[in-house]
Structure formats: structure tokens, C-alpha cells
Amino acid sequence: MLTLENIDRALKEIRQISYKLSTIKTEIKNKVLLRAAKLIEERKEKILEANKKDYEYAKSLNKPSAFLDRLLLNEKRISQMINVLKDVSKLEDPVGKVDKMWTGPDGLKIGKMRVPLGTIMIIYESRPNVTVEAAALCIKSSNAVILRGGKETINTNKVLVDILKEACQKEGYPSEAILFIDNPDRELLKYLLKKDEFIDVVIPRGGEGLIRFVAENARMPVIKHYKGVCHTYVDEDADIDMAIKICFNAKVQRPGVCNAMECMVVHENILEKFLPPMIEKFLKANVKLKMDEASFKIAQKYFKEFVEKGQIEKAKSEDFGYEFLDLILAVKTVKSFEEAIDFINTYGSHHSDAIVTNNYLKAKKFLESIDSAAVYVNASTRFTDGNVFGLGAEMGISTDKIHVRGPMGLEDLTIGKFIILGEGQIRN
Numbered sequence: 003m004l005t006l007e008n009i010d011r012a013l014k015e016i017r018q019i020s021y022k023l024s025t026i027k028t029e030i031k032n033k034v035l036l037r038a039a040k041l042i043e044e045r046k047e048k049i050l051e052a053n054k055k056d057y058e059y060a061k062s063l064n065k066p067s068a069f070l071d072r073l074l075l076n077e078k079r080i081s082q083m084i085n086v087l088k089d090v091s092k093l094e095d096p097v098g099k100v101d102k103m104w105t106g107p108d109g110l111k112i113g114k115m116r117v118p119l120g121t122i123m124i125i126y127e128s129r130p131n132v133t134v135e136a137a138a139l140c141i142k143s144s145n146a147v148i149l150r151g152g153k154e155t156i157n158t159n160k161v162l163v164d165i166l167k168e169a170c171q172k173e174g175y176p177s178e179a180i181l182f183i184d185n186p187d188r189e190l191l192k193y194l195l196k197k198d199e200f201i202d203v204v205i206p207r208g209g210e211g212l213i214r215f216v217a218e219n220a221r222m223p224v225i226k227h228y229k230g231v232c233h234t235y236v237d238e239d240a241d242i243d244m245a246i247k248i249c250f251n252a253k254v255q256r257p258g259v260c261n262a263m264e265c266m267v268v269h270e271n272i273l274e275k276f277l278p279p280m281i282e283k284f285l286k287a288n289v290k291l292k293m294d295e296a297s298f299k300i301a302q303k304y305f306k307e308f309v310e311k312g313q314i315e316k317a318k319s320e321d322f323g324y325e326f327l328d329l330i331l332a333v334k335t336v337k338s339f340e341e342a343i344d345f346i347n348t349y350g351s352h353h354s355d356a357i358v359t360n361n362y363l364k365a366k367k368f369l370e371s372i373d374s375a376a377v378y379v380n381a382s383t384r385f386t387d388g389n390v391f392g393l394g395a396e397m398g399i400s401t402d403k404i405h406v407r408g409p410m411g412l413e414d415l416t417i418g419k420f421i422i423l424g425e426g427q428i429r430n
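Numbering (the working numbering), first residue to last: 3 to 430.
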């Protein structure tokens, strides 16, 4: 187990290894990924067994259902892990790619080459699939990776890391380029966040507390993958059937993930037409509704028994801007398109937001005005995902504005380096 006493040795080793990774051929990296996919398929029973142990432990801690859902692995989710490894192996290797080349006034040929970021630490909570996705992307982009998952997934992560390291060893890739922090101690994490001489960038994925802790303690650059308070605005010019379908999917399909809708914003002119069928569909799916004054009046009129049962209630001010990660939805009424934009930019987390409208000019203005990493017209926010966007996988979804914003894919794990070719030029 890694401790404060022996962590420096491990960090020095991974730092030295990181300098050698950019020269490893793409063919070897792809073989590692495909070997890992094969080993995961062969050992899925062992993975599921470890995951069951983690799941029971998390359950004993009374973790919420959304947390348990993110932690849980099954045959389908393991197949998705395998597919991620295969997909990343098919992606073009960005390392060594020269974006452009030009000749300067002194005859120097100047270019910009993509190179690895170096050593990346990713800190995440309950999702074991992040272990595989992060490692896959770092292997393909020739970065060393430090994996620090939550204590609740330590058994699953250990099995997965062992598989990834074995795949590296069998295909001639340094397994030391993957460092698994098997000690969940917060003091150790705090110490790691001070080691900017060994770690180039840290990526936290998780709740508000984790992000704040990392941002306050890290000496190296932080790329924040913040909470997802996603909104869908149903405009007065929306197709009602389409809006019902989109909003239902955005909330219900998988409520415990960061791209699920947390607040539905509705124009007052369509409340009577849109809300009754929408509320009915949500109630059948056991969604709890927290509604502002205007929308609550509609609910009282048509669904009084659910108001009395408490499945529909008046929203409090703190319900807006809150990430429920559950079958709970805030509903806000607006008097204008402009008010909807102001509300979303004020209460959203700048992750993913959508408009449902048939008005071209409003759709265009929404795309231009909403300050979020992903902005949709007539589609569910649930699509914000590296794999869906054709990136093969993602390190997470960045809500920052420096280096990368949105799903962080393979190319985002590289940076430009100037290369200059001369023929003996000296500067006068």
C-alpha cells in the first residue's frame, strides 16, 4: 500500500517513465489496448465479484441510489468498457502530429508538434469505468497516469488496474506508467496535490466537495470536471410532442449522471398545453417535481392527489442550481426567451443545456448566448459524452475554460510544442 513514507519513490519512478513514453510506437499502444480488452472479457467474473464486494460496502454506508448506480458493474457495462478500449485503439494517434509548418523570415522551418501533457493524476469517486477510460486515453496519448478512485470502488479498481498493467507488460509497454493509489487516506491525497514537480496536471471528477478540495490544495494546474446542473428550456415555439420526449429522456433515462436534466424551464405561454401531459409522464416514472409558483398552480389543478402525497411540491430557492442526481426535477416558468437565457446562465453549472424550439432565430441566439460546454437545439442533454461525440472515450467533461472545455478526449491530453529546423542560422 502506498503511504506518505513511500509515495515519493513511486512518483519519481512514474516521472522518469513519463519522459520515455512519447517515443513508443502507435502499434504497441494499440496492442496494449486490445490485449486489455481481451483480458477484461476473460476475467469479467473476477471483476464482477470484486464489484459486488464494493457495492455491498457502499450500501452499508447508506450511499444514495445514484452513487450505487454509478458504482455498479454488470455484463452490459463491462462490454462498454471493452468497446471503449477497442474504440480508442482505432483512433488516430495525436502524438508527434505536426499541426502546421511554416518558414520564418530567417529561413527557419517552424512547426507545432502534438506532445503528451506528461504525468496526469485523475481523482474520481464512484465510477470504475473511469479507471479503464482514463488509462486507455493516457496509454494512447503517451501520458503517464496516476489513478485515485474512491474508497468504495477500491476492489474493482485494483482488479482493473492489474489487468491493464498485465496488458502493458505482455505488449512491451512500461506498466510503471500506470500508478494506482490504493490508499484512500485524505492526507495522502493532500500530499500528492503538492507534488507539482512530479505531476503536470490534475483532473478531479466528482461532487462539489471533491472539486473544491482539489482546487484549494493543488499546486499543479487543475482541469475541473464539475457538477452537471443541466437545463432544458421549452420555448413557446416548441413542438410539444418533441419537448415531452426530450425532457423525459433527459431526466429519466439515467438520472444519476452529470448530463441528466436537473431543471426544466418552460415559457409561460405554453404551460397549460405542455405541462399536464409532461407531468403525467414524469409521475408515471416516479419523478418528484419541485415547481415554482406558476407551474405548481397547473399541477394543483390537474394532479391534486400527487400534491397531497408530496410527489409534487413547491420549489425552494435552493432547488434551482442543485444537482439532484436522482428522479427529482425542478421546474421554472419564464415570461420570455431572454429570461430563460439569464436564468440558465445564472443557475446552471455551464455543463450541458438545451432548447426545444421551432424558431430558427431563437435557436441560433440560444447557441450563441448560453455559456456552457455543450449547448443543444432539439435534443436531449444526455448525449454529452466523449464516446457519443466520436472521441472514443473521455477523461471527463470539463466545465473549465482553459485548455479544454466539454468532453476531454485523446487530443486534449496533448499540447503543442514548437519544433524549429535550421541550416546553421544564428540571430544577429
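All C-beta atoms, glycine included, are put in the ideal place defined by N, C-alpha and C.
On a predicted model such as this, the values are computed, not experimentally measured, just so you know.
In the displayed model, E189 falls within a helix according to three-state DSSP. Straight-line spacing of the CA atoms in V259 and K197 works out to 31 angstroms. When the beta-carbon positions are compared, I183 and L4 come within less than 9 angstroms of each other.
DSSP places V34 in the helix class (H, G or I) of the three-state scheme. Taken in chain order, the unbroken stretches of beta strand (DSSP E) that lie wholly in the segment 318 to 404 and span 3 residues or more are 330 to 336, 354 to 358, 376 to 379. In the structure shown, D101 falls within a strand segment according to DSSP collapsed to helix, strand and coil. D321 and A146 have their C-alpha atoms spaced approximately 40 angstroms apart. For the 9 angstroms CB-CB criterion, L50 and N8 do not form a contact.
Straight across, the Cα-Cα distance linking K33 with L166 is about 12 angstroms.
Note: V236 is bridge-paired with V268, V358 in the DSSP secondary-structure output. Rounded to the nearest whole angstrom, the CA to CA distance from M293 to A68 is 22 angstroms. Measuring C-alpha to C-alpha distances from I346 to each of D164, Y57, Y235 identifies Y235 as the nearest. Here DSSP, grouped into helix, strand and coil, assigns G211 to helix. Each of D101, H227, K192 was checked against the Cα of F215, and the nearest Cα belongs to K192. Distance from the Cα of V377 is smallest, within the candidate group V358, G394, Y175, L393, for V358.
Cβ-Cβ separation between M222 and I246: approximately 46 angstroms, too far for a contact (criterion under 8 angstroms).
No Cβ-Cβ contact shorter than 9 angstroms links V268 with V161. In the three-state DSSP reduction, M280 falls in the helix class (H, G or I).
Per DSSP, reduced to three states, the secondary structure at A146 is strand.
Counting C-beta atoms within 10 angstroms of its own C-beta, L6 has fewer than 16 neighbours from the protein chains shown and is therefore classed as exposed. The shortest C-alpha to C-alpha distance from E199 to any of L13, L412, I19, S400 is the one to L13. Assigned with DSSP and collapsed to three states, M410 falls in coil, not helix or strand. As DSSP reads the structure, E315 sits in a beta bridge with K292. Rounded to the nearest whole angstrom, the C-alpha separation of P176 and F284 is 51 angstroms.
Within the segment 121 to 146, the complete alpha helix (DSSP H) segments at least 4 residues long are 131 to 142, listed from N- to C-terminus.
Considering only A332, L41, K40, I16, the residue with the shortest C-alpha distance to I281 is A332.
For a cut-off of 8 angstroms, the C-beta gap from R79 to N131 is around 7 angstroms, short enough to register as a contact.
When secondary structure is reduced to three states using DSSP, L166 falls in the helix class.
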